[in-house]
Each structure stands twice: as C-alpha cells, then as structure tokens.
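All remarks here apply to the structure that follows.
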Amino acid sequence: MAMDGRFHYYEGYSMKEVTFPERVMYELGINTLFVSNASGGMNPNFKIGDLMVIDDHINFFPEHPLHGKNFPTGPRFPDMHEAYDKKLRDLADEVAKEKGIRLVHGVYVGVQGPTFETPAEYRMYHLLGGDAVGMSTVPEVIVARHCGIRVFGISVITDLGGFDVPVKVSHEEVQKAANAAQPKMTEIMRELIKRSF
Numbered sequence: 110m111a112m113d114g115r116f117h118y119y120e121g122y123s124m125k126e127v128t129f130p131e132r133v134m135y136e137l138g139i140n141t142l143f144v145s146n147a148s149g150g151m152n153p154n155f156k157i158g159d160l161m162v163i164d165d166h167i168n169f170f171p172e173h174p175l176h177g178k179n180f181p182t183g184p185r186f187p188d189m190h191e192a193y194d195k196k197l198r199d200l201a202d203e204v205a206k207e208k209g210i211r212l213v214h215g216v217y218v219g220v221q222g223p224t225f226e227t228p229a230e231y232r233m234y235h236l237l238g239g240d241a242v243g244m245s246t247v248p249e250v251i252v253a254r255h256c257g258i259r260v261f262g263i264s265v266i267t268d269l270g271g272f273d274v275p276v277k278v279s280h281e282e283v284q285k286a287a288n289a290a291q292p293k294m295t296e297i298m299r300e301l302i303k304r305s306f
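Using our numbering, the first residue of the sequence shown is number 110, and each one after it goes up by one.
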C-alpha cells in the first residue's frame, strides 16, 4: 500500500484523522511502514539534499495521537525505545554504501507548523538533540508503533537553519530540493523492500 501524500495537523485535521491511514494499514495486515518527509536541517554537518535516516524523534506536537480512549491495537502506554527499526536502519546504510549514496543519521523533531522555524527555534531544537525539524511523521510513527508495525523513516534535508547567518526559506525551494533527492531515496527504499521481505 502506498499513500499519495498525507494529512497534516497544520491543515486543521485532528490527530485521529492524521493517523487514520496507519489504522487502516494495521487492519489490512501491514507490518512495516516506510515514512518520508522534507525537513529543515539543524546539524552543521548536513547539506541541502542530504538523506537523513531517522534514528529517533522528539515530539513537539500540541496534541498526542494516542490521547483519549486506548485503541485495542496496543497497550495504553506503548514503549518507544526503538521507534525506528534498527535492522532496517542498518540495512539502509549497507544499500547506501553499495550505491554510493550519501546517507546521514539523526533525530527528527516534529512540530505543528505551518510556519518555518525562526533562527532561535532552530537553535533551540538543535540544543535539545534534534538534527532535523518538520511538520509531520511523528504522529504516524507513534500510531504505527502502537499497532506493532515496525518503522523505517527518512528525511530529505531541504533547507538549513539555526546557523550564524539566517537563511530565508520558501516552499518552492523546499519542493525543488525534495524532488532532486527523491530518486536516491526511492533507490534505498526499493532495495530495502527487496532485501527485507
């Protein structure tokens, strides 16, 4: 099953609506979820166009996707010590090395948006342990893990922020960088599917 885009919290959807596709996936018997996003890089070692394997995340959304009555798909207090599957992350490194694709790793910070971050916000998120920041992914991953679905996540670094010189960001520039990186990301995901199923 492949989704053409996603529902974003900043568009006015509730967390239940944002994560409804993962509930459907669970009912269809899907046991592995691949998620991708465009995000702003805060790590000084990152470059625009980099692919960042998500090792972990920090949740800054104001509403939690598991708030309310517990769905019977998982426990009331799900464990999140390995939200992103280690075996899939290691396999992505192998594939990238073989294909000569630059791959970085980091922590994704999920925020509600829809504004891009201020320079001070970029610096704060980086000080808290974040390497990239974006407006999606975290709610879907939490619900997938609650359902027992393993997850592999990858971010396309489409802009950089939080450094000495503030950089203006536009949606068009983000889209351009994401489109340029997409073939490399597709190659990694295609190989992951071949080798792990």
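C-beta: ideal position from N, C-alpha, C; glycine also.
Residue pairing by DSSP places phenylalanine 143 opposite Phe261 in a beta bridge. When secondary structure is reduced to three states using DSSP, histidine 117 falls in the coil class, being assigned neither helix nor strand.
Taking a 10 Å sphere around the C-beta of lysine 303, we find fewer than 16 other C-beta atoms and assign the residue as exposed. The DSSP-derived three-state label of valine 213 is strand.
Under the three-state reduction of DSSP, methionine 233 is assigned to helix. Looking at the DSSP output, methionine 112 sits in no beta bridge, so it has no partner there. In the structure shown, the three-state DSSP call for asparagine 288 is helix. In the structure shown, aspartate 159 adopts coil according to DSSP, grouped into three states.
DSSP, reduced to helix, strand and coil, places histidine 280 within a helical segment of the structure shown.
Shown here for aspartate 164: same chain residues with a beta carbon closer than 8 Å to its own, the five before and five after excluded, namely Tyr193, Arg198, His214, Gly215 and Val216 in chain order.
About 11 Å separates the CB atoms of threonine 141 and cysteine 256; that is not less than 8 Å, and the two are not in contact. Between isoleucine 297 and the set Ser148, Arg115 and Lys206, the nearest pair of CA atoms involves Lys206.
Methionine 110 sits exposed, since fewer than 16 C-beta atoms from the chains shown fall within 10 Å of its C-beta. The stretch 258-267 makes contact with the stretch 138-155, as at least three CB pairs between them are under 8 Å. Under the three-state reduction of DSSP, alanine 253 is assigned to helix. Boundaries for valine 220: no beta strand (DSSP E) harbours it, and the DSSP string shows neither H nor E there. Looking at the DSSP output, histidine 166 bridges to Tyr217. Note on glycine 271: 16 or more other CB atoms within 10 angstroms of its CB, so buried under the neighbour-count rule.
Glutamate 249 places its beta carbon less than 8 Å from that of glutamate 131. When the five nearest sequence neighbours on each side are left out, the beta carbons in the same chain lying within less than 8 Å of the beta carbon of histidine 235 are those of Met151, Asn152 and Gly271, in order along the chain.
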